[in-house]
Amino acid sequence: MKKIKTKYGFIEGISSINYYKNNTIRDCTLSCVNKLQTPYGIFIPQYDDSSERRKLISSLSFYDNGNLKRIALQDKTYVNTSLGTLPAELITFYENESIKRIFNLNGKITGYWSEEDEYSLAENIEFNLSIGKFNLKTIGVHFYEDKTLKSITFWPKDIVHIISPIGKVSARIGLSFYPNGSLKSFEPYKPITIETKIGNIVAYDVNPIGIHGDSNSVKFSIDGQIESLTTSTNKIKVINKNGQIKVYKPQLRQSLLDEKKMDIVPLSIEFYDNKIVFNNSNDDSYSFDDYVFNIDSGSLKVSSPCSSCASCSGCSSCSI
Numbered sequence: 329m330k331k332i333k334t335k336y337g338f339i340e341g342i343s344s345i346n347y348y349k350n351n352t353i354r355d356c357t358l359s360c361v362n363k364l365q366t367p368y369g370i371f372i373p374q375y376d377d378s379s380e381r382r383k384l385i386s387s388l389s390f391y392d393n394g395n396l397k398r399i400a401l402q403d404k405t406y407v408n409t410s411l412g413t414l415p416a417e418l419i420t421f422y423e424n425e426s427i428k429r430i431f432n433l434n435g436k437i438t439g440y441w442s443e444e445d446e447y448s449l450a451e452n453i454e455f456n457l458s459i460g461k462f463n464l465k466t467i468g469v470h471f472y473e474d475k476t477l478k479s480i481t482f483w484p485k486d487i488v489h490i491i492s493p494i495g496k497v498s499a500r501i502g503l504s505f506y507p508n509g510s511l512k513s514f515e516p517y518k519p520i521t522i523e524t525k526i527g528n529i530v531a532y533d534v535n536p537i538g539i540h541g542d543s544n545s546v547k548f549s550i551d552g553q554i555e556s557l558t559t560s561t562n563k564i565k566v567i568n569k570n571g572q573i574k575v576y577k578p579q580l581r582q583s584l585l586d587e588k589k590m591d592i593v594p595l596s597i598e599f600y601d602n603k604i605v606f607n608n609s610n611d612d613s614y615s616f617d618d619y620v621f622n623i624d625s626g627s628l629k630v631s632s633p634c635s636s637c638a639s640c641s642g643c644s645s646c647s648i
């Protein structure tokens, strides 16, 4: 059986392999037990994908300098981090071998293995952070290269109560942080009124998209000022010195789930020292000195694809 030497020990039982141009391993899939000695202890990469929840992915991938880039673990493994010991089934690394992301589980959601099945395997993790203490299941944790916490991603049905720069709030989806530990962003669990440079705006994204908590709709500067938010209800009138008006508001588009229904496309708003920007467009940028801004309540209502609120698990389409 062919063996290949890595800085973490020999690997064997290689069923497929790819190389960089310098002939170092890019990635490989394994078919037998291998024990790798890493800075975090002994890791056993995935070698058996016969389970109904197993993803068909490479067991290992490397940077071209030979350092680990990603490892899919055969079994749940406990890893020491700056937050304490975390369960992991998939780990990614920075090029200097610092842990980048830990995915607590790595199951494949199919007709045979549901999100609820995967959720039932998740462990509660205790966090003691600047924003408060909480204990809940997570999908993954993201670290900066210096090992400090960058973000936490929650399961869609879960909620966490935290202390933010605007007071106590309830969050879903995820949280992100600055390297100094202060809160960078959160995803509101329900509509929340936030005081901004142009007045009070109801912040809420009825359709948060994404699978991680790195970038959420309510964002703060490092000193706790509102940098950006998303609204699904408010209409903003931008009035110039001549009295001309341009209106920005959430839009409607055909639902991807039901062509007979319409979904809300939220309005994103960014705040800078001397201007405001709508929908991330430089063409929709306005100076605070040259314009007046009026905020109106909207009347758009989302069409939920849910069949019943009685069995609601808090999906991203729910607006209540």
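Under our numbering, think of the first position of the sequence shown as 329, with each following residue one higher. Heads up, the beta-carbon is just placed ideally off N, CA and C, and yes, glycines get one too. Fair warning: this is a prediction, and the values are worked out from it, not measured in the lab.
Please work out which residues of its chain come closer than 6 Å, Cβ to Cβ, to residue i, disregarding the five sequence neighbours upstream and downstream, and give them in chain order.
{"i": "T405", "result": "A416"}
{"i": "S389", "result": "D355, K397, R398"}
{"i": "K465", "result": "A450, N452, W483"}
{"i": "I332", "result": "I339"}
{"i": "S492", "result": "L511"}
If I'm right that residue i touches residue j with Cβ under 8 Å, what's the distance once you round it to whole angstroms?
{"i": "V546", "j": "P519", "result": "About 11 Å; that fails the 8 Å criterion."}
{"i": "S458", "j": "S510", "result": "6 Å"}
{"i": "I501", "j": "N544", "result": "6 Å"}
{"i": "S387", "j": "Y375", "result": "6 Å"}
{"i": "T357", "j": "S343", "result": "5 Å"}
{"i": "S613", "j": "V605", "result": "5 Å"}
{"i": "I592", "j": "L580", "result": "6 Å"}
Out of the options, point me to the one whose CA is closest to residue i's CA.
{"i": "K383", "options": "S504, I332, E446, K461", "result": "E446"}
{"i": "I302", "options": "N508, I332, F455, S386", "result": "This structure cannot settle anything about residue 302, because the visible part of the chain is limited to 329 through 648."}
{"i": "I453", "options": "S386, N622, G468, I459", "result": "G468"}
{"i": "L585", "options": "N535, S596, T561, Q553", "result": "N535"}
{"i": "F431", "options": "Y440, S613, F421", "result": "F421"}
{"i": "N622", "options": "G495, G571, N408, Y348", "result": "G571"}
{"i": "R381", "options": "G412, S448, G337, K330", "result": "S448"}
{"i": "K363", "options": "D403, Y391, I592, T352", "result": "D403"}
{"i": "I427", "options": "G541, S379, I437, K478", "result": "K478"}
{"i": "Y576", "options": "I529, R429, F471, N346", "result": "I529"}
Can you find the residues in the same chain that come closer than 7 Å, C-beta to C-beta, to residue i, ignoring five residues on each side of it along the sequence?
{"i": "V497", "result": "I490, F514, P516, I520"}
{"i": "R574", "result": "The residue you asked about is not Arg; residue 574 is Lys in the sequence shown. Contacts found: V566."}
{"i": "S615", "result": "N602, K603"}
{"i": "F599", "result": "T524, K525, I554, E555, S556"}
{"i": "P367", "result": "E425"}
{"i": "S644", "result": "Note that S644 scores a pLDDT of 40, beneath 50, so its modelled location is shaky; the value from the coordinates is reported in the next line. If we look at S644 and ignore the five residues flanking it on each side, its Cβ neighbours are P484, N535, P536."}
{"i": "S625", "result": "T561, N562"}
Cutting at 8 Å between CB atoms, please list the residues of its own chain near residue i, excluding the five before and the five after it.
{"i": "N463", "result": "N452, I453, E454, F455"}
Exercise. Can you find at least 3 beta carbon pairs, one from the region 482-491 and one from the region 549-569, that sit closer than 8 Å?
Worked result: no
Exercise. Can you list the alpha helix (DSSP H) stretches of 4 or more residues lying completely in the region 399-457, in chain order?
Worked result: 443-449
For this session: With a floor of 3 residues, list each beta strand (DSSP E) that falls wholly inside the region 451-522, ordered by position along the chain.
Result: 452-457, 460-471, 477-482, 488-492, 495-505, 511-516
Exercise. Mind pulling the beta strand (DSSP E) runs of 3 or more residues that sit fully within the region 526-586?
Worked result: 527-531, 546-548, 554-559, 563-567, 573-576, 579-582
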